[in-house]
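In my numbering, the protein residues as written are 29 to 611. Every residue, glycine too, gets a C-beta built ideally from N, C-alpha and C. Note that the structure is a prediction, hence the values are computed from the model and not measured. Okay, so here's the structure we're looking at.
This is how it looks when you write it as structure tokens:
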């Protein structure tokens with residue numbers, strides 16, 4: 029609630045937040061109406077202590093006073109303010125194993141913008157800073173709304189076997205921070221969304237229960253990609269900037285950054301990343317010495333987390349306001365890379381965006397997107413669930429649209445196409461790619477495609493991109509063949525054979541889409557050619573005679589050319605058609 033600053037005992041919360049340079053927290057979520065709060069209200073210290081610390085109503089003190097005045101006992105008055113099961117239940121000796129657990133009442137979701145957004149927010153003018161903060165607010169709130177609508181569930185019963193969507197929504201306390209915990213303070217615009225685990229059941233009685241934590245945690249990556257997608261769209265719409273993928277680690281998944289921002293400023297901002305990368309080789313060498321092989325994907329991630337813990341600096345004791353921090357950041361960046369790199373940041377981003385929009389066509393093809401998504405997820409995971417496909421579909425939209433808006437539900441349509449056309453059950457809860465639907469039937473192409481997923485010397489994501497590119501190339505080739513077969517054929521003329529009084533009939537082969545004649549000899553072909561030439565000469569003579577008799581005909585006015593077909597960014601075209609349209 030006070031950022032990374034220290035709060036002396038007895039100092040009011042608001043005064044401590046002012047000294048730490050962080051704004052007060054605000055309440056968010058549709059579940060606030062159930063406890064008498066409104067979105068945007070300031071989070072007071074007592075409200076946070078009651079709801080997030082004790083699992084009670086944020087106005088529990090007033091409710092207790094009213095109940096005591098009505099003659100209720102202190103125990104009854106306190107029990108009336110508890111939302112759901114009291115935390116004392118976990119400490120009761122009558123509950124099995126519950127007494128060994130620590131009460132868990134909230135979870136912290138961190139919404140962090142990309143590195144180039146931190147740079148532009150810290151070094152740009154005040155107008156740019158306010159716009160980027162607004163983009164952060166909108167993207168965060170939309171992602172929390174998706175959590176409420178599609179993910180949040182109430183659990184009850186033994187092991188939480190019964191689950192239903194929440195009745196009202198979530199109760200969230202949002203706290204904004206401005207800097208990282210690096211040894212030298214660096215800009216890091218991020219929000220801590222503390223989600224209360226208490227929510228009302230959909231039983232119509234107004235009873236309270238606990239959220240299903242595993243449902244929220246399972247969809248964390250899908251929420252992260254959705255937040256990034258919304259943030260990119262807001263920044264592009266309000267500032268006119270475009271986005272491009274940046275490869276941080278060779279062979280690994282790229283990250284989306286604002287196009288045109290000096291890459292040196294990213295290194296200046298990412299001090300913590302450099303500290304982690306410096307400590308990672310030592311841990312990797314120890315791992316290889318112990319296990320005898322290089323770490324895989326999961327082991328590398330675990331080592332990175334270990335390096336982050338080892339290099340985590342202590343919280344700073346110097347308290348600075350946001351204005352003072354921005355002055356310090358600007359002075360540091362100018363000293364390192366010059367005033368031109370800092371002052372022309374927004375101008376360079378707009379100029380680069382124009383080049384990006386001229387080069388990239390922001391159109392999403394659902395069929396190709398489905399092939400790309402299922403291929404990447406299959407190579408990366410083998411067996412997967414729907415939320416894995418959803419996260420990858422949103423990444424695909426980020427790469428394809430570069431900040432242009434997408435139609436609502438487009439990510440779900442891509443996932444549904446994958447599930448319907450390219451997957452098969454792998455177990456009771458998992459599915460995997462249907463290789464018979466993905467891979468071609470001919471052996472020659474299988475010999476090319478299968479080694480792409482088995483190239484163990486390459487990083488896993490690089491193998492996934494190779495396989496996805498090969499399959500996308502085949503889809504393009506298949507579509508081109510279908511378009512060529514669907515073109516209108518000239519009418520076939522059956523000429524009498526020279527050696528027979530009645531010619532043999534022509535046969536139409538559907539599979540080959542061409543006209544064939546059985547047992548056609550050389551004499552027949554020559555006779556057909558002569559007949560066609562005679563008919564053409566006679567037709568030409570008739571045209572000349574009519575022209576002489578009637579004179580030249582007036583030429584009709586040229587028709588107005590129809591307006592070129594324009595397609596809105598983020599729409600999808602129907603595969604296999606040569607004309608435009610929105611599917």
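Do you know whose CA, among 194, 242, 83 and 328, lies nearest residue 629's CA?
There is simply no residue 629 to check, as the chain begins at 29 and stops at 611 in what is shown.
Bridge partners for residue 324 per DSSP, in chain order?
The count along the chain shown starts at 1 and reaches residue 324 at position 296. Beta-bridge pairing links residue 324 to no other residue.
Given this structure, state the Cα-to-Cα distance separating residue 332 from residue 304, to the nearest angstrom.
For the purposes of this step, residue 332 is identified with residue 304 of the chain shown, where counting begins at 1. For the purposes of this step, residue 304 is identified with residue 276 of the chain shown, where counting begins at 1. Approximately 7 Å, taken between the alpha carbons.
Looking only at its chain, what residues have a beta carbon closer than 7 Å to the beta carbon of residue 144, apart from the 5 residues adjacent to it on each side?
Your numbering for residue 144 matches position 116 in the chain shown. Around residue 144: 285, 286, 289 and 294.
Between residue 221 and residue 137, which are expected to be in contact by the criterion C-beta below 8 Å, what is the C-beta distance as a whole number of angstroms?
Position 193 of the chain shown holds residue 221. Position 109 of the chain shown holds residue 137. Confirmed, about 4 Å.
Starting from residue 219, trace the beta strand (DSSP E) in both directions and tell me its first and last residue.
Position 191 of the chain shown holds residue 219. Note, residue 219: beta strand (DSSP E), 215–224.
Mind the definition here: the region 196–208 touches the region 49–66 only if three or more C-beta pairs lie below 8 Å; say whether that holds.
Touching, yes.
When we look at the beta-carbon of residue 101 and count the other beta-carbons within 10 Å, is it buried (16 or more) or exposed?
The sequence position of residue 101 within the chain shown is 73, counting from 1. The residue in question, residue 101, is exposed, as its Cβ has fewer than 16 Cβ neighbours within 10 Å.
Can you list, in chain order, the residues of its chain whose CB lies under 7 Å from that of residue 416, leaving out five sequence neighbours each side?
Numbered from 1 along the chain shown, position 388 holds the residue referred to as residue 416. Closer than 7 Å at the Cβ level, and outside the excluded window around residue 416, lie 405 and 409.
Could you work out which residue in 202, 141, 174 and 149 is closest to residue 68 when comparing CA atoms only?
Stepping through the chain shown from its first residue, residue 68 is reached at position 40. Considering only alpha carbons, the answer is 202.
Could you tell me which of 29, 103, 262 and 146 sits nearest to residue 426, measuring between CA atoms?
Here residue 426 is taken as the residue at index 398 of the chain shown, counted from 1. It is 262 whose Cα lies nearest to the Cα of residue 426.
With 16 other CB atoms within 10 Å as the buried threshold, where does residue 455 fall?
The residue you call residue 455 lines up with position 427 of the chain shown. Under this definition residue 455 is an exposed residue.
Taking contact to mean at least 3 C-beta pairs separated by less than 8 Å, is the region 91–98 in contact with the region 248–265?
As far as the Cβ criterion goes, the region 91–98 does not touch the region 248–265, which means the pair count is below three.
Would you list the residues sitting across from residue 55 in a DSSP beta bridge?
Indexing the chain shown from 1 puts residue 55 at position 27. DSSP output for residue 55 lists 201 as bridge partner(s).
Provide the residue(s) that pair with residue 236 in DSSP beta bridges, ordered along the chain.
Counting from one through the chain shown, the residue named residue 236 turns up at place 208. Paired residue(s): 228.
Can you find the residues in the same chain that come closer than 6 Å, C-beta to C-beta, to residue 30, ignoring five residues on each side of it along the sequence?
Within the chain shown, numbered from 1, the residue matching residue 30 stands at position 2. Here the set comprises 44, 45 and 48.
Relative to the C-alpha of residue 505, which candidate in 351, 371, 275 and 396 has its C-alpha closest?
Counting from one through the chain shown, the residue named residue 505 turns up at place 477. With distances taken between Cα atoms, residue 505 lies closest to 396.
Using DSSP bridges, identify the partner residues of residue 182.
On the chain shown, position 154 is the one that residue 182 refers to. For residue 182, which the question treats as bridged, DSSP gives the partners 192 and 239.
Assign residue 275 to one of three DSSP states: helix, strand, or coil.
For the purposes of this step, residue 275 is taken as the residue at position 247 of the chain shown. In this structure, residue 275 counts as coil in the three-state DSSP scheme.
Can you tell which of 254, 308, 383 and 142 has its C-alpha closest to the C-alpha of residue 274?
Residue 274 sits at position 246 when you count from the first residue of the chain shown. Among 254, 308, 383 and 142, the Cα nearest to that of residue 274 belongs to 142.
Could you check which residue in 158, 205 and 213 has the C-alpha nearest to that of residue 51?
Within the chain shown, numbered from 1, the residue matching residue 51 stands at position 23. Checking every option, the nearest Cα to that of residue 51 belongs to 205.
Residue 408 bridges to which residues according to DSSP?
As a working note, residue 408 is residue 380 in the chain shown. In the DSSP output, where bridge partners are listed per residue, residue 408 has none listed.
Could you tell me how far apart the beta carbons of residue 174 and residue 111 are, in whole angstroms, since I believe they sit closer than 8 Å?
Numbered from its first residue, the chain shown carries residue 174 at position 146. Numbered from its first residue, the chain shown carries residue 111 at position 83. The Cβ separation is near 24 Å, so there is no contact.
For residue 384 versus residue 270, is the C-beta distance shorter than 8 Å?
Position 356 of the chain shown, counted from the first residue, corresponds to residue 384. Position 242 of the chain shown, counted from the first residue, corresponds to residue 270. Taking 8 Å as the Cβ cut-off, residue 384 and residue 270 qualify as a contacting pair.
Do residue 353 and residue 181 come within 8 Å of each other at the CB atom, strictly closer than that value?
Indexing the chain shown from 1 puts residue 181 at position 153. Indexing the chain shown from 1 puts residue 353 at position 325. No, they are not a contact pair.
Quick one: is residue 104 buried, meaning 16 or more other Cβ sit within 10 Å of its Cβ, or exposed?
Along the chain shown, one-based indexing puts residue 104 at 76. Per the 10 Å Cβ criterion, exposed.
In the structure shown, what three-state DSSP assignment does residue 206 receive?
In the chain shown, counting from the first residue as 1, residue 206 sits at position 178. It is a strand residue.
DSSP on residue 109, reduced to helix/strand/coil?
In the chain shown, counting from the first residue as 1, residue 109 sits at position 81. In the structure shown, residue 109 sits in coil (DSSP, three-state: anything other than H, G, I, E or B).
On the CB-based measure, 16 or more other CB atoms within 10 Å of its CB, does residue 151 come out buried or exposed?
Along the chain shown, read from residue 1 onward, the residue named residue 151 stands at position 123. Answer is buried; the Cβ neighbour count reaches 16.
Out of curiosity, what's the CA-to-CA distance linking residue 518 and residue 398?
For the purposes of this step, residue 518 is taken as residue 490 along the chain shown, with counting starting at 1. For the purposes of this step, residue 398 is taken as residue 370 along the chain shown, with counting starting at 1. Note on residue 518: pLDDT 48, under 50, position unreliable in the model; the coordinate value appears next. Each residue's alpha carbon lies about 37 Å from the other.
Of the residues 428, 501, 191 and 369, which one's Cα is nearest the Cα of residue 231?
As a first step, residue 231 is located in the chain shown; it is residue number 203 there, counting from the start. Looking at the Cα atoms, 191 is the closest of the given residues.
Where residue 393 and residue 501 are concerned, what is the direct C-alpha to C-alpha distance, given to the nearest angstrom?
As a first step, residue 393 is located in the chain shown; it is residue number 365 there, counting from the start. As a first step, residue 501 is located in the chain shown; it is residue number 473 there, counting from the start. Roughly 14 Å separates the two Cα atoms.
Please work out which residues of its chain come closer than 6 Å, Cβ to Cβ, to residue 272, disregarding the five sequence neighbours upstream and downstream, and give them in chain order.
Taking the first residue of the chain shown as 1, we reach residue 272 at position 244. Cβ neighbours of residue 272 beyond the five flanking positions: 287.
Just to confirm before moving on: does the CB-CB distance between residue 217 and residue 149 stay below 8 Å?
As a first step, residue 217 is located in the chain shown; it is residue number 189 there, counting from the start. As a first step, residue 149 is located in the chain shown; it is residue number 121 there, counting from the start. Yes, the pair counts as a contact, with Cβ atoms nearer than the cut-off.
Using alpha carbons as the reference points, say which of 147, 139 and 37 lies closest to residue 165.
As a first step, residue 165 is located in the chain shown; it is residue number 137 there, counting from the start. Minimum Cα distance to residue 165 is reached at 139.
Give me the Cα-Cα distance between residue 431 and residue 488, rounded to the nearest whole angstrom.
Position 403 of the chain shown holds residue 431. Position 460 of the chain shown holds residue 488. Their Cα atoms are separated by approximately 27 Å.
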